[in-house]
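Student: For the sequence shown, numbering that gives the first Met the number 0 begins at 0 and goes up steadily by one.
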Amino acid sequence: MAGRILIVDDEDALRFFTADGLTQAGWSVDEAGSGEAALALLAKTSYDVMLLDLRMVGLDGLAVMRQAKERWPELMIIIMTAYASLDSAIEAVRQGAFDYLQKPCSVSDIIACANRALAKKAALAQQRQLVHAIETNLPSSADPPSANVVHSGALVIELGSHVVSLAGQRLSLTPTEYTLLEILARSPGQAVSVKELIHTGLGYDASDAQAQETLRVHISRLRRKLGSDYVLTARGGGYALADIPPLPLNK
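#1: Identify, in the order they occur along the chain, each residue of the same chain with its Cβ nearer than 7 angstroms to the Cβ of S140, setting aside the five sequence neighbours on each side.
#2: For L40 and L50, I'd like the C-alpha separation in whole angstroms.
#3: Taking the DSSP output, what are the residues bridged to M49?
#4: What's the gap between the Cα of V7 and the Cα of C104?
#5: Here's a check: name, in chain order, each residue in its chain whose Cβ is nearer than 7 angstroms to the Cβ of E35, leaving out the five neighbours to either side.
#6: In whole angstroms, give me the CA-to-CA distance for E69 and T173.
#7: In terms of residues, what are the limits of the alpha helix (DSSP H) holding L214?
#8: Could you check the C-alpha separation between D19 and S151 for me, to the nearest Å?
#9: Taking Cβ positions, are L233 and A205 nearer each other than 9 angstroms?
#10: With burial defined as no fewer than 16 other Cβ atoms inside 10 Å of the residue's Cβ, what is the status of R14: buried or exposed?
#11: If you run the structure through DSSP and keep just helix, strand and coil, what is P244?
#12: Under a Cβ-count criterion, where at least 16 other Cβ atoms within 10 Å of its own Cβ denotes burial, should T178 be classed as buried or exposed?
#13: According to DSSP, is Q66 helix, strand or coil?
#14: In angstroms, rounded to a whole number, what distance separates the CA positions of S107 and G2?
#15: Looking only at C-alpha atoms, which of A24, L154, S45, Y46 sits nearest to R169?
#16: By Cβ distance, which residues of its chain are closer than 7 angstroms to C112, with the 5 residues on each side in sequence left out?
#17: Reducing DSSP to helix, strand and coil, say where R14 ends up.
#18: Could you check which residue in L165, A184, T80, T17 has the C-alpha nearest to that of R223?
#19: How about L180 and L225: are their beta carbons less than 9 angstroms apart?
#20: Name the residue from I156, R54, D29 whose alpha carbon lies nearest to the alpha carbon of K43.
#21: In the structure shown, what three-state DSSP assignment does Q94 receive?
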């Protein structure tokens, strides 16, 4: 069994032939004829890959992708598009889609792209497991406990534990938001380039323009949760965590 994939397209015939080809290639396949149906399936089933048409009646592909990346950041999304919506497909890739295919495309091309997406997901998962294993198995004497906690004003970040609090209140961050914040927190006051954030945080390489566009959404959400004083835009590009002295403890 290759993996589990969700095909989202309002063209019944295309869904049928694509699903048949992927099934024969060993994939477990579900289908959705609308964006709304796709989100409903995503909410109750764990998928490795989603094959998503951009132009659909009702909730379009870009809207589905934004919600899917917010709620299921590890889902690999492949965009399908006609030539008329190629610009939208490029925008989708900038916002985190794995790849796009231009219609009409052969089933063999779809299978090959889905296999690449699955391999990429497995590589990212292995990378996360390796980092977790290293952090878990470090000797307790390697660093004092305080070295794993970063303070910036009222913001407290417990590195490696995914715990972030602001003025004593724990914040709810997505895995992507936490990962980006942790990268910045490891060197407070120092700018990290957008390309480095994408490479280290999201696991792939991108041009400056693509990295900036992808990060813009995540940084905007982080700032809404943290306030505008903590994640700073660095002169010349990139971002930095504000190096603010921690608030004094109440006596």
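C-beta: ideal position from N, C-alpha, C; glycine also.
Tutor: This is what the structure gives:
#1: Unreliable placement is indicated for S140, whose pLDDT of 45 sits below 50; the coordinate value is still reported in the next sentence. Result list for S140: empty, nothing under 7 angstroms.
#2: 13 angstroms
#3: L5, I76
#4: 15 angstroms
#5: G57, L58
#6: 7 angstroms
#7: 207–225
#8: 54 angstroms
#9: Going by the sequence as given, residue 233 is Ala instead of Leu. Cβ atoms of A233 and A205: not closer than 9 angstroms.
#10: buried
#11: coil
#12: buried
#13: helix
#14: 16 angstroms
#15: L154
#16: I77, D98, L100
#17: helix
#18: L165
#19: yes
#20: D29
#21: coil
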